[in-house]
Amino acid sequence: MSHADLDAYRWALENSAILEARSLQSTSKRKDVASSFAPPLPITDPKLAIILHFRIDQICSSAIDLNGISHYPGEEEVLLLPFTLFKVVSIDQHTIGFNQQYEILMENTPVPKNKTWK
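If you count the sequence shown from 1, you need to add 12 to reach my numbering.
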């Protein structure tokens, strides 16, 4: 991600904004798997290593657990469908020597069920 992307998440955090997933996103329940796709980068790198941590405390019909059907079962993959809503809870920066990685905690914002949507 870019510094502009990180700034957008910071703005969302400061303004309690609700963010919407705009595309299909492949995620993992395992932090080590996610980190392998965004390892820490040198502080001087123009790109940023950012792990998005999605917290989903309630049943969410737009978060699909692929356990048992995934080609890579060890990844514990969960697909997030477009239009899933989240709120940024925190942004943490981890520095390891001259490398850094950010972790953005996002909490699912459930959409109220409406009988007319059936």
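Glycine residues also receive a C-beta, built at the ideal position from the N, C-alpha and C atoms.
| field | Short Cβ contact (8 Å threshold) for Leu53 with Phe98 | value | By 1-based counting over the sequence shown, the position of residue 53 is 41. By 1-based counting over the sequence shown, the position of residue 98 is 86. No. Outside cutoff.
| message | Less than 8 Å between the beta carbons of His65 and Leu25, yes or no? | response | For the purposes of this step, residue 65 is identified with residue 53 of the sequence shown, where counting begins at 1. For the purposes of this step, residue 25 is identified with residue 13 of the sequence shown, where counting begins at 1. No, the Cβ-Cβ distance between His65 and Leu25 is not below 8 Å.
| field | Best match in Thr121, Asp69, Thr107 for proximity to Ile62 [C-alpha to C-alpha] | value | Counted from its first residue, the sequence shown places residue 62 at position 50. Closest by alpha carbon: Thr107.
| Selection from Ala75, Asp17, His15, Pro51 that minimises the alpha carbon distance to Glu119 | Reading the sequence shown from its first residue, position 107 is the one you call residue 119. For Glu119, the nearest C-alpha among the options comes from Ala75.
| field | For Leu18 and Leu60, believed in contact at Cβ under 8 Å, the rounded distance | value | For the purposes of this step, residue 60 is taken as residue 48 along the sequence shown, with counting starting at 1. For the purposes of this step, residue 18 is taken as residue 6 along the sequence shown, with counting starting at 1. Rounded, the Cβ-Cβ distance is 6 Å, consistent with contact.
| request: Ignore the nearest five residues each way along the sequence and tell me which others in Val101's own chain have a CB closer than 8 Å to its CB. | output: Position 89 of the sequence shown, counted from the first residue, corresponds to residue 101. Excluding positions up to five away in sequence, the list reads Leu25, Arg67, Leu117, Met118, Glu119.
| task | Report the residue from His83, Phe95, Asp69, Ile55 whose alpha carbon sits nearest the alpha carbon of Arg34. | result | Here residue 34 is taken as the residue at index 22 of the sequence shown, counted from 1. Taking only the C-alpha atoms, the option nearest Arg34 is Phe95.
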